[in-house]
Amino acid sequence: MEEFRLEKAIVELKGVRKQYDDGFVALKNINFKLKQGEFYTLLGPSGCGKTTILRSIAGFTEVSSGEVLFDGKRINDIPANKRQLNTVFQDYALFPNMNVYENVAFGLVVSNVPKDEIQDRVVSALKLVQLEQYADREISELSGGQQQRIAIARAIVKQPKVLLLDEPLSALDAKLRKDMQYELRDLQQRLGITFLFVTHDQEEALAMSDEIFVMNKGEILQQGSPVDIYDEPINHFVADFIGESNIIPGTMIEDYRVEFLGHTFECSDAGMRPNEPVEVVIRPEDLVITSPENGKLQVKVSTQLFRGDYYEILAYDKDDNEWLIHSTNATEDDKIVGLSFGPHDMHVMRFNETEANFDKRLDTYEDER
Ligand code: ATP
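The structure is reproduced here in structure tokens:
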């Protein structure tokens, strides 16, 4: 029974499409299932539809077609305040005229929860976000990070099965943001509820999630664990969006043999047509600088930047392709060096013309709006 509960989808979207009143289609055909107790992230550039998905699940936006299911039941017509989930917004949306305790208690007060129970639940929610000693503080007397935690306490005090978080860390400085990433992940694991987190920051998504949905232009392009998405991006957009990468056009000669820049290399990919056009992804940290004779390719160093724990080196090959290399050692500007990499350092992606054209079609569509 326990296993069954774990596998059951708590939220499901089936063929969800959203067209706004001005005709713009913000979501095309969204299908996904969220399981109980997992940390999910919607990741994509600004305007790709992340917030629209969140608002459709929360009940703030009506979908044009398709189904939104919660715990197996269709909730398209259930008003937002009757859905068993809560949202943490980007700007926290705290009530400035109420103190911390009152802010967290508010949702319980309006739901007529008995006073004693409110007291217990607010205290334990504040404990969870480590702010129990701040109950009497005014909101204006809190730092950004503390306000953020109060917003989370206010959302979890109602014991939702799902917490929706819309870029909740974007107003925080870099250091605090990192600390909050650990805290949020830890909180989600202690509560054991489902988090659906929205961000356009790929590092944040990789660090926190059990599963990531990479979105672009109203569609989910790839769903998978952070490691899968990083190591096996499905196409150029995902490879480029998730971390820095070198993406080189090539040809898949046959299984485990790919050709690019005039050389044939052994690789670990298979399953494409012989001589199929492909793109090869090599991450900057997987390239090793060596002597020109020992390298599989030769490049000329252009510039290097010291990044603290590594040097970021920009170089060009004979065809003028740009190469990004992360190295623990410095090199010299204008020097010709060799690049070494193994079969597992390359990831071969189908060069899908439909996808390339798809982007063009969408751009035309948007221009015509
Ligand atoms: P961001 O990261 O900038 O918040 P997002 O991925 O969350 O972006 P959405 O807010 O979901 O994107 O918006 C998706 C698209 O829908 C955008 O192009 C936006 O301009 C458009 N859109 C959002 N709300 C409306 C609306 N009420 N009417 C018309 N278009 C809208």
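Residue 1 is where the sequence shown starts when you use this note's numbering, and the numbers rise one by one after that. Beta carbons: idealized from backbone N, C-alpha and C, even for Gly.
- Counting every other CB atom within 10 Å of its CB across the protein chains shown gives Gly59 a total of 16 or more, marking it as buried.
- With respect to the C-alpha of Leu184, the residue from Cys267, Ile139, Gly218, Glu204 having the closest C-alpha is Glu204.
- Within the model, the alpha-carbon separation for Leu94 versus Leu126 is close to 15 Å.
- Only residues of its own chain outside the window of five on either side were considered, and among them Tyr311, Glu312, Ile313, Leu314, Ala330, Thr331, Asp333 have a CB closer than 8 Å to the CB of Gln304, listed in chain order.
- Checking the 7 Å criterion, the Cβ of Tyr20 is within range of a heavy atom belonging to the ligand ATP.
- The continuous beta strand (DSSP E) containing Arg350 extends over residues 346-350.
- By the neighbour-count criterion, in which 16 or more other beta carbons inside 10 Å mark a residue as buried, Lys217 falls on the buried side.
- By the Cβ rule, the segment 59-77 does not count as touching the segment 234-245, because fewer than three pairs are nearer than 8 Å.
- Comparing C-alpha distances from Ser225 to each of Glu219, Val214, Asn235 shows the shortest one belongs to Val214.
- Per DSSP, the unbroken beta strand (DSSP E) holding Gly338 starts and ends at 336-340.
- Taking a cut-off of 8 Å on C-beta distances, the segment 132-149 touches the segment 100-117, as three or more cross pairs fall below it.
- A distance below 8 Å separates the beta carbons of Arg149 and Leu131.
- Collapsing the DSSP output to three states places Phe237 in a helix.
- Under the 10 Å beta carbon count, Lys50 is surrounded by 16 or more other beta carbons and is classified as buried.
- A distance criterion of 7 Å places the beta-carbon of Thr303 beyond contact range of the ligand ATP, judged by its closest non-hydrogen atom.
- Taking C-alpha positions only, Ser124 is separated from Asn31 by approximately 36 Å.
- Residues of the same chain with a CB within less than 6 Å of the CB of Asp255, apart from the 5 flanking positions on each side, are Ala270 in chain order.
- By the Cβ test, the segment 334-346 is in contact with the segment 284-294, since at least three Cβ pairs between them sit closer than 8 Å.
- Closest by C-alpha distance to Pro233, out of Glu266, Gly262, Glu279, Asp201, is Glu279.
- With 16 or more neighbouring CB atoms inside 10 Å of its own CB, Asn235 falls in the buried class.
- In this structure Pro292 is exposed. Its beta-carbon is surrounded by fewer than 16 other beta-carbon atoms within 10 angstroms.
- A check of alpha carbon separations from Ser170 across Ser46, Gln19, Ile325 identifies Ser46 as the nearest.
- Using a cutoff of 7 Å, the CB of Phe24 counts as near the ligand ATP, since one of the ligand's heavy atoms is closer than that.
- Pairing Val88 with Leu165 gives a Cβ-Cβ distance under 8 Å.
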